[in-house]
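Notes to accompany the following structure.
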Amino acid sequence: MNSDTGTTNRPCADACGTMPSCAPLAVPYVPFQQRGSQKYDQTDALANGTIYPSLNLPFHLKVDAAALPDSHSTQLQALLFVVTELGMYLDTHQDDEEAFRLFQQYTEMARTAKKQYEQMHGPLTKLSAGQDTAYRWLDDPWPWEFKKSEEG
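Okay, here's the thing in structure tokens:
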């Protein structure tokens, strides 16, 4: 044990480490994303907070993907989450052609899902409200209000 910091030099298992009381709140380890990494499907990515299992740090607060409602809203959120994740990855790996193809694929899937959602439930943004035949921005239900038939 290091008497100055109160820490040991031994590696510890997930959720078993200790920190000195004066340690700042931070995640001191940031894994480097590799090319060709495995990827979660969009629902698991939303539940885990990342599309890449290798970046899934052990915060132990994730949602069980099976517990997410099987709704149009959840499906759209999952697709948009994957687009955001792939976009952040491409910010640092611009020449990864596989990731760019996935980005294009998920962008198109999200665009289609958003259009279908808005046709069924109304506009998600004011930009979308301006493209409709009438101003429906204030119509119910709001995107976060689930109908029983939509929840499954």
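Quick note on numbering: our numbering labels position 142 of the sequence shown as 142, and the sequence is numbered without any gaps. Here a beta-carbon is modelled for each residue, glycine too, at the ideal position from N, C-alpha and C. What you are looking at is a predicted structure, and each value in this text was computed from that prediction instead of being measured.
- A straight-line Cα-Cα distance of about 32 angstroms links Phe103 and Leu138.
- For Ala45, same chain residues with a beta-carbon under 7 angstroms away, outside a window of 5 residues either side, are Ile51, Ala78, Phe81, Val82 and Glu85 in chain order.
- Collapsing the DSSP output to three states places Leu68 in coil.
- Around the beta-carbon of Ala66, fewer than 16 other beta-carbon atoms lie within 10 Å, marking it exposed.
- Excluding residues up to 5 positions away in sequence, Leu79, Leu80 and Val83 lie with their Cβ nearer than 6 angstroms to the Cβ of Ala110 in the same chain.
- Distance from the CA atom of Pro123 to the CA atom of Ala129, rounded to whole angstroms, is 5 angstroms.
- Residues of the same chain with a CB within less than 7 angstroms of the CB of Thr107, apart from the 5 flanking positions on each side, are Val83 in chain order.
- Per DSSP, the unbroken alpha helix (DSSP H) holding Arg111 starts and ends at Glu97 to His121.
- In this chain, the alpha helix (DSSP H) harbouring Ser128 covers Lys126 to Ala129.
- For the 8 angstroms CB-CB criterion, Leu76 and Ala47 do not form a contact.
- In the structure shown, Gly49 falls within a coil segment according to DSSP collapsed to helix, strand and coil.
- Residue environment for Tyr40: buried (at least 16 other C-beta atoms within 10 angstroms of its C-beta).
- Separation of Tyr117 and Ser73 (C-alpha to C-alpha, rounded to the nearest whole angstrom) is 7 angstroms.
- Per the C-alpha coordinates, the member of Asp140, Gln105 and Tyr135 positioned closest to His121 is Asp140.
- Apart from the 5 residues on each side of it in sequence, Tyr135 sits with its Cβ closer than 8 angstroms to the Cβ of Ala129 in its chain, given in chain order.
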